[in-house]
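Participant:
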Amino acid sequence: MSIDRDTVVRIARLSRIAMEEDALEPMAEELNGILAWVEQLGEVDTEGVEPMTGAIAATLPQRDDAAQAGTPTDDLLANAPEADDGFFVVPRVVE
Amino acid sequence: MSADGYRIRGRDGDWEIAVGLEVHAQVVSEAKLFSDAPTAFGAAPNSQVSLVDAAMPGMLPVINHECVAQAVRTGLALEAEINLTSVFDRKNYFYPDLPPGYQISQYSRPIVGRGHVVLDLEDGAQRSIGITRLHLEMDAGKSVHDRRADATCVDLNRAGVALMEIVSEPDIRSPEEAGLYLRKLRSILRTIGTCDGNMEQGSLRADVNVSVRRSGEELGTRCEIKNLNSVRFVMKAIEVEARRQVAVIESGGAVELETRLFDPERGETRSMRSKEEAHDYRYFPDPDLLPLTLDPAWVEELRAALPELPDARKARFMAEHGLSAYDAGVLVAARAIADLFDAAAAGRDAKRVANFIMGPLFGALNRAGIEVEDCPVPADALGALIDRVSDDTISHQSANTVIQAVVATGADVDAVIEEKGLRQVSDAGAIEALVERVIADNPDKVADYRAGRTKLMGWFVGQVMKASAGKANPRAVNEALRARLDG
Amino acid sequence: MSALTALTVAGARAGLAGRAFSARELVDAHIAAIEAERGLNAFVAETFDRARAGADAADARIAAGEARLLEGIPLAVKDLFCTRGVRSQACSKILSGFEPPYESTVTANLWAAGALMLGKTNMDEFAMGSANVTSAEGPVVNPWRREGDDKALVPGGSSGGSAAAVAARLCLGATGTDTGGSIRQPAAFCGIVGMKPTYGRCSRWGMIAFASSLDQAGPLTRTVEDAALMLQAMAGRDPKDSTSIDRPVPDYAASLTGDVRDLTIGVPAEYRMEGMPAEIEALWAEGVRWFREAGAKVVDVSLPLTRYALPTYYIVAPAEASSNLARYDGVRYGLRVDGDDPTEMYARTRAEGFGREVRRRILIGTYVLSAGYYDAYYLKAQKVRTLIARDFERAFESVDAVLTPTAPFAAFAIGEKMDDPIAMYLNDVFTVPASLAGLPAISVPAGLTGDGLPLGLHLIARPFDEPTLFRAAGVLESAAAFSQRPPAPGATP
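Protein chains in written order, with this note's numbering: chain L, 169 to 263; chain Y, 19 to 505; chain B, 978 to 1470.
1. Can you confirm whether the segment 163-173 of chain Y touches the segment 251-260 of chain L when touching is taken to mean that 3 or more C-beta pairs between the two stretches lie within less than 8 Å?
2. Would you identify the three-state DSSP class for Pro1077(B), choosing helix, strand or coil?
3. Go through the segment 227-311 of chain Y residue by residue and report every complete run of the beta strand (DSSP E) that reaches 3 residues or more, in order.
4. How many Å lie between Ala98(Y) and Asp233(L) at the Cα?
5. Note down, in chain order, each residue of its chain lying with its Cβ closer than 6 Å to the Cβ of Thr1469(B), except the 5 sequence neighbours on either side.
6. Using a threshold of 7 Å, state whether the C-beta atoms of Lys1173(B) and Gln1193(B) are closer than that.
7. Under 8 Å by Cβ, that's how I've got Thr1154(B) and Leu1057(B) pegged, so tell me the actual separation to the nearest angstrom.
8. Which residue comes first and which comes last in the beta strand (DSSP E) that contains Ile1242(B)?
9. Taking the C-alpha atoms as reference points, what is the distance between His1007(B) and Tyr120(Y)?
10. Whole angstroms is fine: what's the gap from Trp33(Y)'s alpha carbon to Trp205(L)'s?
11. Is the shortest distance between the beta-carbon of Met1184(B) and the beta-carbons of chain Y less than 7 Å?
12. Which word fits Glu215(L), buried or exposed, when buried means at least 16 other C-beta atoms lie within 10 angstroms of its C-beta?
13. Can at least three beta-carbon pairs, one atom from the segment 179-188 of chain Y and one from the segment 72-92 of chain Y, be found at a separation below 8 Å?
14. With a threshold of 8 Å, are at least 3 pairs of Cβ atoms found where one atom belongs to the segment 388-396 of chain Y and the other to the segment 421-435 of chain Y?
15. Are there three or more Cβ pairs, one per stretch, closer than 8 Å when the segment 1170-1188 of chain B is compared with the segment 1410-1430 of chain B?
16. Mapping the DSSP letters down to three states, classify Pro117(Y) as helix, strand or coil.
17. At a Cβ threshold of 7 Å, is Asp138(Y) touching chain L?
18. Could you compute how far the alpha carbon of Pro1196(B) sits from the alpha carbon of Thr150(Y)?
19. Buried or exposed: which applies to Ser126(Y), given that a residue is buried once 16 or more other Cβ atoms fall within 10 Å of its Cβ?
20. Under 8 Å Cβ to Cβ from Arg1238(B), same chain only, skipping five residues before and after it: list those, please.
21. So which residues of chain L does Glu84(Y) contact, with C-beta pairs closer than 8 Å?
22. Going by C-alpha distance, which of Gly1091(B), Glu1102(B), Ala1144(B) is nearest Glu1014(B)?
23. Determine the closest residue to Gly1158(B) out of Ala1388(B), Gly1429(B), Gly1427(B), Ser1412(B), with distance taken between C-alpha atoms.
24. Taking only the alpha-carbon atoms, compute the straight-line gap between Phe251(Y) and Thr239(Y) and give it to the nearest angstrom.
25. Could you spell out the range, first to last residue, of the alpha helix (DSSP H) harbouring Phe52(Y)?
26. Where Ser183(L) and Ala361(Y) are concerned, what is the direct C-alpha to C-alpha distance, given to the nearest angstrom?
27. Name, please, each residue of chain Y whose Cβ falls closer than 8 Å to the Cβ of Leu228(L).
28. Based on Cα-Cα distance, which residue from Pro1288(B), Phe1331(B), Ala1294(B), Arg1284(B) lies nearest to Asp1306(B)?
29. Taking DSSP as the reference, what is the three-state secondary structure of Ser186(Y)?
30. Which residues mark the beginning and the end of the beta strand (DSSP E) in which Ser1420(B) is found?
31. Please classify Met1094(B): does DSSP put it in a helix, a strand, or coil?
32. Could you round the C-beta distance between Gly1311(B) and Phe1075(B) to whole angstroms and report it? I think they count as a contact, below 8 Å.
33. I need the DSSP call for Glu1014(B), collapsed to helix, strand or coil.
34. Decide if Glu259(Y) is buried, meaning its Cβ has at least 16 other Cβ atoms within 10 Å, or exposed.
35. Classify Tyr1350(B): buried if its beta carbon has 16 or more other beta carbons within 10 angstroms, exposed otherwise.
36. Determine whether the beta carbon atoms of Thr1060(B) and Glu1080(B) lie at a separation below 7 Å.
Here you go:
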């Protein structure tokens, strides 16, 4: 499997990372280099092996259903690039 | 089965429809699914948001035990498989009201597996609709587009609230069945207290998958209609979408697998113009969470603690009180009403109570614009009012007036009766005096009556009632008139 | 160099307790050292006023006989930890100006034990790197130099600022985070001790995430005992982190008995990497000899899947990162570059805010999770990861710890290995397997290269067996008697 220019365009869009036209080919090459290297995993027989999704075997802890006051709105918005009357503000969503 | 009769008449033959529903039900809990922020509806923007909900750097989810319990209760009430191990996955996509850039959901291993919901059709038949699965996931925030012309405003109060997504099989065959399914599901959720079922506030929303086929053929390509927030819209959207699909196919086109929106004003569905490539959600197990494991003994405890479910209650109403299947079904459709009936019927004529609820009470609620589920009338008030009718203190007619006042203001039944002067006159002497006066004033009518125009009895009753300013007990008036005229 | 900055944590504790000096004097000595060594670019924020105020409070507590475990000990904190009201930016432009209204659990634990924060340390952007050259704040300079060569060297990464600061005596210890070797490899490059605890031992709450199933906080110190003391304060169950484990925290320093006669140390042949410098191989053999001389049993052990650990890591870590870093979208905090709609705003913000290596890893991670490739890459890697963990389980049936080199080479010059990502990734070839398996591991400075650069030896132990790890590391430390110091302050440009 190898990554071409269009694939870079697709994953860059999925990742929401703008890319200059002339950066696409070099990035495809770099990514292909990494992929070619990781493909050596194909040599490992993983038939019937369960995937490891976490580094520990334990049961999921659960919290009690007790609500605390939310973060003060001012604190919540303090780092926001744009806020207006208690709202976060983003460029208009075009539906 | 009456629903089998639903067909869309095409140009050259009939079409069946196949519908599946994905219902998003907001879980009743104090705190959110993965954070301790409160879930109350209607707070000031961004006032019920934890650092976790806002996806601040380094924040981590910890699951709310009660939300897990609510999902299990719901699964049990749907007679579904409870999966003792389930996994939370990340569904990755960008949207301004989705702070982490992913929704924590359950993809390949949901907490609840196959179950079913039984529908009571109008002709008394039943149909079972399969439940494919139920999983837990977090809600997104709210994007407000009408606040500013130049920008979208984001409120994260809802972000992280627990939802149950309940997916049905494509077993539904008509808009009516879809309506019944949704109402039945809502009644189950309300009965067990896992979702308040409030569609106006968005606590219950449905996505509808619709496809059409000629009788006996394979299921056609489906379209998904997103985010319907009333039973009426669900039914209407199914109908118009099915017609659209038939029209597309009959004009030589093909239905495309796509997501559509229902426009209730125009009564049509339309494609969500998506400039984006097909979604690629890149699901993978959330490494911030471990698999959720349930203790089978705990699941059994929850099962034992479930309240009586609507189907069982309906059967009991029929067996204990001799109600018809239809009446029993109406009463159990809303938990508040079923509870009211149970309490008010104790020691009273159950059919009379049922009739009063479905007649004057529903009428008064409707007039006041109150959902039956939110009925504010306490059982003792309802019982007292029914008793006042039974013992002739007031007339049936007056009972309507009283129940409207009780619904509107919460006033005391007896106080309303006195205040409005509704107490009827049953005193024999008083009524006889009125009867005498009417007879004395109308000798010609008396003669006519006695000559055989017995229909005039109604006129006499009316005159006496009028003379009593409507307060005389009509039954007593009737008796007194008959005794006097026929005697 | 002030005598106070040459102390260990343990030595400083003793000195403070015996009133040989005050916490304020200790802090002031370190502030002076930091000011003299700004050329290292180890710190990205200085919190001197806060450290001084904390020192005065510590002196009061000491005077009142209420000293806690790390009372008055001046530390540095990697910029990956969120610290209330102090910049916490993972050395990324995308978090420009971010000052969290909350404190990470690990740092909160340290402050609750009386430790003091001198400042935040430089690091590879979002901990993605092995040379501290991907930082938005510029590279960190390793205080060490090759003999007869003034070329600035990398400190390793990603906890490069922390490692350089500890090595240059700018603080008594520092927090780091380790996802694939980010504590242990820079510790080796800088001639100090770096320890990664078992996954789940320290809370990840408030630590800016890189790869959630791998990230662990740990200490960087100049001695094994200091690492034990720091971990003591850092570790513990946190109800805010679902992956933190509910187990008592043992007295780690007490485990340093110096006696390893009951231990069996395994030496995995698979770590004998092609092209590894002979002096690293020789140091490793020396380590074996030291353990034998101390009375431990040393045996060969096989970890057959070792060579697949690095490619596995470079699928798993970017995949998780691609999702973890989705929250940096210019909406709630950090950088925003405007656009006509949110999608354009995101794409511009993220292109501008993330550095090249971070962008590369997000793209790879997105690709390996995407439809059609998930099974071939991500799922496959998670299965290999299971097998790698099983390798260790099997090995630990017969050994108590595994001994390997920490890195396949010593520190290199800033600018080297920049062209080929895979060459850079090889830095972590020996540290990544323990990360994938979630095991505790430690790097101990053990010798010098021919041109005078430090080298580390690396020990890996069973899950939650930090006591054995510290005990073995203590013996290694004593035997190696590593006493060399980087050049004195001012000798660096």
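Quick reminder that beta carbons are idealized off the backbone N, C-alpha and C, glycines included.
Small disclaimer: the values here were computed from a predicted structure and weren't measured.
Facilitator: Concretely, from the data shown:
1. They touch, by the three-pair rule.
2. The answer is coil: DSSP assigns Pro1077(B) none of H, G, I, E or B.
3. Along the length of the segment 227-311 of chain Y, whole beta strand (DSSP E) runs at least 3 residues long occupy 241-246, 276-281, 286-289, reported in chain order.
4. Answer to the nearest angstrom: the Cα atoms are 24 Å apart.
5. In this prediction, Thr1469(B) has a pLDDT of 45, which is less than 50 and means its spatial position is unreliable; nothing more can be read from the coordinates.
6. Yes. Within cutoff.
7. With 8 Å as the limit, Thr1154(B) and Leu1057(B) qualify as a contact, their Cβ atoms being about 5 Å apart.
8. Per DSSP, the continuous beta strand (DSSP E) segment holding Ile1242(B) begins and ends at 1241-1245.
9. So the alpha carbons of these two residues sit roughly 43 Å apart.
10. Taking the straight line joining both Cα atoms gives about 55 Å.
11. Yes, Met1184(B) counts as interfacial toward chain Y.
12. Exposed, because fewer than 16 other Cβ atoms sit within 10 Å of the Cβ of Glu215(L).
13. As far as the Cβ criterion goes, the segment 179-188 of chain Y touches the segment 72-92 of chain Y, which means the pair count is three or higher.
14. Yes, the segment 388-396 of chain Y touches the segment 421-435 of chain Y.
15. At 8 Å Cβ cutoff, the stretches touch.
16. Three-state DSSP puts Pro117(Y) in coil, outside helix and strand.
17. Not one chain L Cβ lies under 7 Å of Asp138(Y).
18. Straight-line measurement puts the Cα of Thr150(Y) at about 49 Å from the Cα of Pro1196(B).
19. It counts as exposed.
20. So the list reads Ala1271, Gly1272, Ala1273, once near-sequence residues are dropped.
21. Within chain L, the residues placing a beta-carbon under 8 Å from that of Glu84(Y) are Asp232, Asp233, ordered along the chain.
22. In terms of CA proximity to Glu1014(B), Ala1144(B) leads the group Gly1091(B), Glu1102(B), Ala1144(B).
23. The option with the nearest alpha carbon to Gly1158(B) is Ser1412(B).
24. Going from the Cα of Phe251(Y) to the Cα of Thr239(Y) covers about 22 Å.
25. For Phe52(Y), no alpha helix (DSSP H) run applies, since DSSP gives it neither H nor E.
26. Those two C-alpha atoms are separated by around 59 Å.
27. Within 8 Å Cβ-Cβ: Ile81, Leu307, Leu308, Pro309, Leu310, Thr311.
28. Nearest to Asp1306(B) by C-alpha distance, out of Pro1288(B), Phe1331(B), Ala1294(B), Arg1284(B), is Phe1331(B).
29. DSSP places Ser186(Y) in strand when its eight states are reduced to three.
30. Boundaries of the beta strand (DSSP E) harbouring Ser1420(B): 1418-1425, taken from the DSSP string.
31. Met1094(B) sits in a strand when the DSSP states are folded into three classes.
32. That belief holds up - the Cβ atoms of Gly1311(B) and Phe1075(B) are roughly 5 Å apart, short of 8 Å.
33. DSSP places Glu1014(B) in coil when its eight states are reduced to three.
34. With 16 or more neighbouring CB atoms inside 10 Å of its own CB, Glu259(Y) falls in the buried class.
35. Result: buried.
36. Going by C-beta atoms, Thr1060(B) is nearer than 7 Å to Glu1080(B).
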